[in-house]
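Sequence lines, in order, name chains U and Z.
According to our numbering, the first sequence is numbered sequentially starting from 87.
According to our numbering, the second sequence is numbered sequentially starting from 74.
Data first, discussion second: the structure below is written as structure tokens.
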Amino acid sequence: MKCGASLAVALAMAAAGGAGPDEARAEPPPVAAPNAAVPHEPAPFVPLAGDAVQRLRSGNADQIASALDDVRVSGRGGASAVPCIVELLQTGLPLPLTIAAIEALGDTESSASAEVLSWYVRHRDVDVRRAAVGAIAKTRAPNASRVLRAALSDADPAVRGIAASSLGDLKAFDAETDLFAALDRGVSEAAKPIGALCTPAECDRLAAKLGRIPFEVVSSGLSNVLLRPPSEIDDAFKIKLVDRLRDMGTAEVHGFLKDLQSKWPARFSQRVKQAIDAAVAETAASPGTPSPEGSP
Amino acid sequence: VTRRRAALTATLIATGCGGGAVRLPLFSTNWQDDRGASIGRVWTNVSGVAAPAQADVAVGVGRGGGLIGVALDGTGRTWSFEHPLDARPVVAANVVVGSGGGEAFAIDASDGHLLWKRSAPGLRLVGAGDDGATTVATFAPTGAGGSTLLAVRHDGHLLQQIQADKALGAPAALAGLAFVPWAGEYVSVVDLATGEETARVTLREQTSRAWTQAGALWFAGLGLIRFDERIRDASSGGASTVNLPPTGVPGNPRWTTDMAPLPVAADAQDSVRLYARPAAGEGAAIEGGRFYATYFRLAMGFDVPGGNLQWVMTHEATFLGGGAARGGLVLCDDKGAVLQLDERTGAAAVTADFGRPLEACIVRVEAIAPSAAANAAPLVQQIQKAVTTPDAQLVEVQKMLLPYLTKAEDESVTRTLIELAESVGSPELQSAARDALAKRRSGAQDMLDALAQHYDYLKDTVRLPPVGPLADALAAMNDKSAAPLLGAQLLDPQDSPDDVRRAAAALVSLAGREEATALRRFFGMYRATADDDDIASAVVSVAKALLALQDHQGMAEVKAAVDSGLTASAVRDQLATLDHP
Numbered sequence: 087m088k089c090g091a092s093l094a095v096a097l098a099m100a101a102a103g104g105a106g107p108d109e110a111r112a113e114p115p116p117v118a119a120p121n122a123a124v125p126h127e128p129a130p131f132v133p134l135a136g137d138a139v140q141r142l143r144s145g146n147a148d149q150i151a152s153a154l155d156d157v158r159v160s161g162r163g164g165a166s167a168v169p170c171i172v173e174l175l176q177t178g179l180p181l182p183l184t185i186a187a188i189e190a191l192g193d194t195e196s197s198a199s200a201e202v203l204s205w206y207v208r209h210r211d212v213d214v215r216r217a218a219v220g221a222i223a224k225t226r227a228p229n230a231s232r233v234l235r236a237a238l239s240d241a242d243p244a245v246r247g248i249a250a251s252s253l254g255d256l257k258a259f260d261a262e263t264d265l266f267a268a269l270d271r272g273v274s275e276a277a278k279p280i281g282a283l284c285t286p287a288e289c290d291r292l293a294a295k296l297g298r299i300p301f302e303v304v305s306s307g308l309s310n311v312l313l314r315p316p317s318e319i320d321d322a323f324k325i326k327l328v329d330r331l332r333d334m335g336t337a338e339v340h341g342f343l344k345d346l347q348s349k350w351p352a353r354f355s356q357r358v359k360q361a362i363d364a365a366v367a368e369t370a371a372s373p374g375t376p377s378p379e380g381s382p
Numbered sequence: 074v075t076r077r078r079a080a081l082t083a084t085l086i087a088t089g090c091g092g093g094a095v096r097l098p099l100f101s102t103n104w105q106d107d108r109g110a111s112i113g114r115v116w117t118n119v120s121g122v123a124a125p126a127q128a129d130v131a132v133g134v135g136r137g138g139g140l141i142g143v144a145l146d147g148t149g150r151t152w153s154f155e156h157p158l159d160a161r162p163v164v165a166a167n168v169v170v171g172s173g174g175g176e177a178f179a180i181d182a183s184d185g186h187l188l189w190k191r192s193a194p195g196l197r198l199v200g201a202g203d204d205g206a207t208t209v210a211t212f213a214p215t216g217a218g219g220s221t222l223l224a225v226r227h228d229g230h231l232l233q234q235i236q237a238d239k240a241l242g243a244p245a246a247l248a249g250l251a252f253v254p255w256a257g258e259y260v261s262v263v264d265l266a267t268g269e270e271t272a273r274v275t276l277r278e279q280t281s282r283a284w285t286q287a288g289a290l291w292f293a294g295l296g297l298i299r300f301d302e303r304i305r306d307a308s309s310g311g312a313s314t315v316n317l318p319p320t321g322v323p324g325n326p327r328w329t330t331d332m333a334p335l336p337v338a339a340d341a342q343d344s345v346r347l348y349a350r351p352a353a354g355e356g357a358a359i360e361g362g363r364f365y366a367t368y369f370r371l372a373m374g375f376d377v378p379g380g381n382l383q384w385v386m387t388h389e390a391t392f393l394g395g396g397a398a399r400g401g402l403v404l405c406d407d408k409g410a411v412l413q414l415d416e417r418t419g420a421a422a423v424t425a426d427f428g429r430p431l432e433a434c435i436v437r438v439e440a441i442a443p444s445a446a447a448n449a450a451p452l453v454q455q456i457q458k459a460v461t462t463p464d465a466q467l468v469e470v471q472k473m474l475l476p477y478l479t480k481a482e483d484e485s486v487t488r489t490l491i492e493l494a495e496s497v498g499s500p501e502l503q504s505a506a507r508d509a510l511a512k513r514r515s516g517a518q519d520m521l522d523a524l525a526q527h528y529d530y531l532k533d534t535v536r537l538p539p540v541g542p543l544a545d546a547l548a549a550m551n552d553k554s555a556a557p558l559l560g561a562q563l564l565d566p567q568d569s570p571d572d573v574r575r576a577a578a579a580l581v582s583l584a585g586r587e588e589a590t591a592l593r594r595f596f597g598m599y600r601a602t603a604d605d606d607d608i609a610s611a612v613v614s615v616a617k618a619l620l621a622l623q624d625h626q627g628m629a630e631v632k633a634a635v636d637s638g639l640t641a642s643a644v645r646d647q648l649a650t651l652d653h654p
């Protein structure tokens, strides 16, 4: 859809709602409460102001900025503006507007923006790249995983970190190899998605990094492994992992297991829970573990 | 100037007393140039005298002390001698002279046995000569000006002790005469029997050293002057003289020393210096038409009179000292190895070893001639090895060697320049290599291969190709196969703004329709975000490329950008000057 066509769509939408552009801006419908979304149904969104597309096409920086703000507020409701924003990014915007446009596209979650966002993942300005990596993940476009995997090779640590985390959010199972490579190259954010996506063999490979890279990095991934449903990671594997942690017998392991103990879902395996409880008790006296209150 | 009779002097040195000085015009500047008359008489008297026999020896100062001698005549004979040192020892003819511990001493260079030793408190050795029977040595008093000259027979008998208020250079001895450089331009001839100055010559070359070699007596400072029948014309610049041409070797290396004691341990001036050997025969010339330079781990051969590099040898240890021989160069390094290098190719062979690390090394060569070792690499390969050796100490000389390398059209030179331009060791060398690479007109395939590389953190590819110089070179070569690679580099955020500017400029002439997409993408991404002059210039070049390609979409975007208030002003102003169809 072209930007001009999208303008027509916006105007048509405004007409169908019986309100002109100004009215639409003056009285936006109430925003749905957070976490109120019904599963499998998209959350309600704020309809995009009727003149937003016109403002995007104005060539005026202030007008474009205000329209991008509106698109961000509308989220997926701003989809009609996507072609215009894409066109603006294709033909170029000043830096602040570039970042605003990228973030707006991310908020629309429109896969139609994935192509132009992939351009900006390679922009010279690091803030633009960070914004683009975050935005493309939100689009869940078919090329998003490929673009994010490439972004793991970016020179900027923050871009790499966002890319790694986003691959987890996308459930990009094909990214495990790249995520392990990133983890080995010091991208600590890769541990969590690895834990969220790994097969038992890959989870084992993550656990094998205990003692070789900082515990808080590995444990962020192992936490995800242990909290995955039994359908993905079976109880025997989890118990083996808890035992492995227990055998390390350090204060930080004790803290980690205690935290896990507190988060353990009631519907999950009680066998694993018992193993965690036992490990917490056995590591309580680990060197460096804070004494319980009242103890000498 | 104070001269003391030998017997009295010996007593005074032994008792440590002073006084009894007699003023003589020795080493006085109150002297009328005799237009070569006196030195001419000396030449007439000694011209038939053979120069004393010379040792072929390397003498090392071991790390931790002690002198070690290694014969260079192929016998492998070694000796050692323990004595405190306060200045670098000197090898004169067949004698090693030193000072330290309040004593001056001389040992036989062939076997290390002590010839003589005298009390010499507070005196540090400057230089020495020997005529086969008598050693003449000059010393600088610690913490004071002036000099002391000692003449001591090999049996230990003191012939002369002369104290001068001038700094004296390294003397030579011949036929009972001492030839003593001083004040930078004079050489006084002192009769060792009487202590009288019998002649003097004014040299029009800075002079600090006299010595015998190749059957003749020589004076040297910046140039080399032969003591021959033309010496009487020296004051009018008519002496037999040869100068070493400039080489460009950094650090201003010299082939003689100042009129001051050298430190016991070698320093940078010992590792960065020149070596040349006067030729036998008539007049003044350089043996074999070759002279040499060392620069820490590198040794180089140059021609005379051109001063052009003939070879360069990269060694694993730092050179400390050496001597030019007939047919080559003898060097010793700080690990204790002695190498002989062929004058034509620089091919080197280790011929002796001190067996321990050295603090300093003194080499004296006369009869030996390094044999022409086979299998020396071609000069280009020698330079490639030298310039790619990662050593911060070598950066300056590596920069000096680069122009010699780039003279060759060999494609491997292009590879070397790319390697240097990608290296992160020395920004200066990298910059020099980039400049040279931009001017290359051969090695296109190596350039294309390099241009295909991009930064990749995961693959640990963090060395960036020299995109700008490659773009310049490939554009000059009109290599259109570079266009897609340049298009990809244009969009690589890790490339420097300068590289991007030059890639874009190259695409003006190299881009085909296949590059239109990349060009439009770059134009769109940066026409409004160009934040420096290089990127702005790149955007304008890309616009030119789109116009040249008659790419309708691109042309429309360029035209729109001229009229858009969102376009960066630096870009818009330049776009407005383009010819829009």
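In this text, a Cβ means the ideal position worked out from N, Cα and C, and glycines have one as well.
Taking every protein chain shown into account, the CB of U/T285 has fewer than 16 other CB atoms within 10 angstroms, so this residue is exposed.
Judged by their CB atoms, Z/V132 and Z/I435 are nearer to each other than the 7 Å cut-off. Annotation: the continuous beta strand (DSSP E) that includes Z/E176 extends over E176 to D181. Secondary structure of Z/Y528 (DSSP, three-state): coil. Against chain Z, the CB of U/S274 has no partner CB under 7 Å away; the residue lies outside that interface. Residue contact check for Z/T461 against chain U: no CB pair falls below 7 Å. Annotation for Z/F252: the continuous beta strand (DSSP E) segment containing it runs L250 to W255.
The CB of U/L181 comes closer than 9 Å to the CB of A601, T602 and D604 in chain Z, given here in chain order.
Contact check for Z/V635 against Z/A616 fails: the beta carbons are separated by 7 Å or more. Assigned with DSSP and collapsed to three states, U/A293 falls in helix. Burial state of Z/R645 is buried, judged by a 10 Å Cβ sphere holding 16 or more other Cβ atoms. With a contact defined as Cβ atoms closer than 8 Å, Z/D605 and Z/P566 miss out at about 14 Å. For the 7 Å CB-CB criterion, Z/P244 and Z/G175 do not form a contact.
For the C-beta of U/T184, the chain Z residues within less than 8 Å are, from N- to C-terminus, A601 and T602.
Residues of the region 528 to 539 of chain Z with a C-beta less than 9 Å from any C-beta of chain U: Y528, D529, Y530, L531, K532, D533, T534 and V535, listed in chain order.
Under the DSSP assignment, Z/D264 falls in the beta strand (DSSP E) whose first and last residues are Y259 to D264. When C-alpha distances from Z/G409 are compared across Z/W116, Z/R226 and Z/G142, the shortest belongs to Z/G142. Distance from the CA atom of Z/Q127 to the CA atom of Z/T487, rounded to whole angstroms, is 48 Å. With respect to the 7 Å criterion, Z/A398 and Z/V345 are not classified as neighbours on the basis of their beta carbons. Of all residues in the region 626 to 650 of chain Z, those with a C-beta nearer than 8 Å to a C-beta of chain U are E630, A633, A634, S637, G638, L639, T640 and A641, reading in chain order. Between U/R246 and U/V273 the beta-carbon gap is near 5 Å, inside 8 Å, which marks them as a contact.
Z/W328 carries a coil assignment under DSSP once its states are collapsed to helix, strand and coil.
Of all alpha-carbon atoms in Z/H625, Z/Q623 and Z/A591, the one lying nearest the alpha-carbon of Z/V612 is that of Z/A591. Taking a cut-off of 8 Å for Cβ pairs, the region 100 to 118 of chain Z and the region 133 to 140 of chain Z do not touch, as fewer than three such pairs fall below it. U/V207 places its beta carbon less than 7 Å from that of U/V219. Between the beta-carbon of Z/S308 and that of Z/G109 there is about 6 Å, and that keeps the pair under the 8 Å contact cut.
For U/V139, the enclosing alpha helix (DSSP H) stretches over residues A138 to L142. About 14 Å separates the Cβ atoms of U/I325 and U/Q347, ruling out a contact at the 8 Å cut-off. Taking a cut-off of 8 Å on C-beta distances, the region 351 to 366 of chain Z does not touch the region 508 to 517 of chain Z, as fewer than three cross pairs fall below it. Nearest neighbour of Z/M550 by Cα position, chosen from Z/S582, Z/G321, Z/V385 and Z/L223, turns out to be Z/S582. Around the CB of U/Q356, fewer than 16 other CB atoms lie within 10 Å, so the residue is classed as exposed.
Distance from the CA atom of U/S166 to the CA atom of U/P133, rounded to whole angstroms, is 10 Å.
Z/T367 and Z/K458 do not touch by the CB rule: their CB atoms are close to 16 Å apart, not below 8 Å.
Inclusion of Z/P351 and Z/L276 in the CB contact set at 7 Å is not warranted, their separation being larger than that value.
Within the region 531 to 567 of chain Z, the runs of alpha helix (DSSP H) that reach at least 4 residues and sit entirely inside it are, in chain order, 540 to 549 and 556 to 563. With 16 or more other CB atoms across the displayed protein chains lying within 10 angstroms of its CB, Z/T329 is buried.
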